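K.L.:
One structure coming up, written as structure tokens, with questions to follow.
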Amino acid sequence: MTTVLITGANRGIGLQLTKHYANEEFKVYALCRTPSEAADLKSVEGNVHIHQLDVTDPASIKRLKDEIGNEPIDIFINNGGIYGGHNQELGTMNYSDWEKTLATNTIGPVRMVEAFYPNLKAAKEAKLITISSLMGSIEDASRGNIFYRTSKTAVNMAMHCIASDAKEDNITCIVMHPGWVQTDMGGENAPITTEESVDGIVHVISGLSTYDSGKFLNFRGEEIPW
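Numbering (the working numbering), first residue to last: 106 to 331.
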């Protein structure tokens, strides 16, 4: 049985990924900060195991690791993240918000990979996907949104570095832009539904090989400039 681990599984892209893989009869570890408030996630039928996780809390990650143990993980999706608030321009900068954004979007995913790397190595051909954003592309940089942009640029580089070592362990590591999606973060005016985005994401994941390790792709499988 294929085992999938998904962070930020309680809403948006993470919830839709959980629904998809559960429907495919995969075993899904669905992780979120507050499971007691995740009614939509709890309603997903299938082999879904909901666990509490705060990626900014090392103790929370350790507890999750103890609960899952050494079970091989075939597909690992770092999906959880935050936008970082609205004061992201010079003259209005809230540095504590920036630190929180980096802790959640950059350091948290790396902590998770470090904790569960043995589980990925234990799988035959593991795939490690971090949901990033086109806003993390330096070539696409424009004004504002400094906290969010830098957190995504940093996690892109972190995963690009990890990809080199992971490839030697037969782990394919990529970062992926899901598109501008109709989620709480993307807003209702976004042109892409969560279903459309996730259909693309899972199609790309299914076709990945170690040849792709270290790439920055969008949900259509097209490469994005770093």
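Quick reminder that beta carbons are idealized off the backbone N, C-alpha and C, glycines included.
All values reported here derive from a predicted model rather than from experimental measurement.
Is Thr298 near Ile118, with beta carbons less than 8 Å apart?
P.N.:
Locating residue 298 in the sequence shown gives position 193, where the first residue counts as 1. Locating residue 118 in the sequence shown gives position 13, where the first residue counts as 1. Not in contact: Thr298 and Ile118 (Cβ atoms no closer than 8 Å).
K.L.:
Between which two residues does the beta strand (DSSP E) holding Thr258 run?
P.N.:
Walking along the sequence shown from the start, residue 258 turns up at place 153. From DSSP, Thr258 is part of no beta strand (DSSP E) but of the alpha helix (DSSP H) over 251-273.
K.L.:
For the segment 183-191 against the segment 209-217, do three or more pairs of beta-carbon atoms, one drawn from each stretch, fall closer than 8 Å, so that the two count as touching?
P.N.:
yes
K.L.:
Hey, quick one: how far does the beta strand (DSSP E) through Met281 stretch, first residue to last?
P.N.:
Here the question's residue 281 lines up with position 176 in the sequence shown. From DSSP, the beta strand (DSSP E) with Met281 extends over 277-282.
K.L.:
Short of 8 Å in beta carbon distance, which residues of its chain neighbour Met198, apart from the five on each side in sequence? Order them along the chain.
P.N.:
Numbered from its first residue, the sequence shown carries residue 198 at position 93. These residues qualify, in order along the chain: Asn192, Ile251.
K.L.:
Is Leu322 buried or exposed, if buried means 16 or more other CB atoms sit within 10 Å of its CB?
P.N.:
Indexing the sequence shown from 1 puts residue 322 at position 217. Flag for Leu322 reads buried.
K.L.:
Which residue spans inside the segment 156-187 form an unbroken alpha helix (DSSP H) run of at least 4?
P.N.:
Whole alpha helix (DSSP H) segments, 4+ residues: 163-173.
K.L.:
What are the start and end residues of the beta strand (DSSP E) that includes Val286?
P.N.:
Taking the sequence shown and counting its residues from 1, one reaches residue 286 at position 181. No beta strand (DSSP E) holds Val286; DSSP gives it neither H nor E.
K.L.:
Does the segment 164-180 touch the segment 274-285, meaning 3 or more C-beta pairs lie closer than 8 Å?
P.N.:
no
K.L.:
Quick one: using the 10 Å Cβ neighbour count with 16 as the cut-off for buried, is Met106 buried or exposed?
P.N.:
To locate residue 106, count along the sequence shown from 1; it is residue 1. Per the 10 Å Cβ criterion, exposed.
K.L.:
Quick one: what does DSSP say Leu195 is sitting in, helix, strand or coil?
P.N.:
Within the sequence shown, the letter at position 90 stands for residue 195. DSSP places Leu195 in coil when its eight states are reduced to three.
K.L.:
Buried or exposed: where does His308 fall if 16 or more other Cβ atoms within 10 Å of its Cβ makes it buried?
P.N.:
Walking along the sequence shown from the start, residue 308 turns up at place 203. Counting Cβ neighbours within 10 Å, His308 comes out exposed, since fewer than 16 surround it.
K.L.:
In terms of residues, what are the limits of the alpha helix (DSSP H) holding Phe321?
P.N.:
Sequence index remark: in the sequence shown, residue 321 carries index 216 (1-based). Unbroken run through Phe321 is the beta strand (DSSP E), 321-323; no alpha helix (DSSP H).
K.L.:
Would you call the segment 234-241 and the segment 258-265 touching, i.e. three or more CB-CB distances under 8 Å?
P.N.:
yes
K.L.:
Kindly list the residues whose CB is nearer than 7 Å to the CB of Gly326, restricted to its own chain and excluding five residues on each side of it in sequence; keep chain order.
P.N.:
Counting from 1 along the sequence shown, the entry for residue 326 is found at position 221. If we look at Gly326 and ignore the five residues flanking it on each side, its Cβ neighbours are Val309.
K.L.:
Mind checking Ala114: buried by the 16 CB within 10 Å criterion, or exposed?
P.N.:
Position 9 of the sequence shown, counted from the first residue, corresponds to residue 114. So Ala114 ends up on the buried side.
K.L.:
Is it the case that the Cβ atoms of Gly189 and Asp202 are separated by a distance below 8 Å?
P.N.:
For the purposes of this step, residue 189 is taken as the residue at position 84 of the sequence shown. For the purposes of this step, residue 202 is taken as the residue at position 97 of the sequence shown. Their beta carbons are under 8 Å apart, which means Gly189 touches Asp202 by this criterion.
K.L.:
Helix or strand or just coil, what does DSSP make of Leu146?
P.N.:
Here residue 146 refers to the residue found at position 41 of the sequence shown. In the three-state reduction of the DSSP assignment, Leu146 falls in the helix class, which pools H, G and I.
K.L.:
For Ile111, report the span of its beta strand (DSSP E) as first-last.
P.N.:
Stepping through the sequence shown from its first residue, residue 111 is reached at position 6. Following the DSSP letters along the chain, one finds Ile111 inside the beta strand (DSSP E) bounded by residues 108-111.
K.L.:
Alpha carbon to alpha carbon, what distance is there between Leu136 and Glu300?
P.N.:
As a first step, residue 300 is located in the sequence shown; it is residue number 195 there, counting from the start. As a first step, residue 136 is located in the sequence shown; it is residue number 31 there, counting from the start. So the alpha carbons of these two residues sit roughly 19 Å apart.
K.L.:
What does the alpha-carbon distance come out to for the pair Pro223 and Leu207?
P.N.:
In the sequence shown, counting from the first residue as 1, residue 223 sits at position 118. In the sequence shown, counting from the first residue as 1, residue 207 sits at position 102. CA-to-CA, the gap between Pro223 and Leu207 works out to about 25 Å.
K.L.:
Which two residues bound the contiguous beta strand (DSSP E) that contains Tyr316?
P.N.:
Against the sequence shown, residue 316 aligns to sequence position 211. For Tyr316, there is no enclosing beta strand (DSSP E), as DSSP marks it with neither H nor E.
K.L.:
On the DSSP letters alone, give me the boundaries of the alpha helix (DSSP H) that Lys124 sits inside.
P.N.:
Here residue 124 is taken as the residue at index 19 of the sequence shown, counted from 1. Here the alpha helix (DSSP H) through Lys124 covers 117-128.
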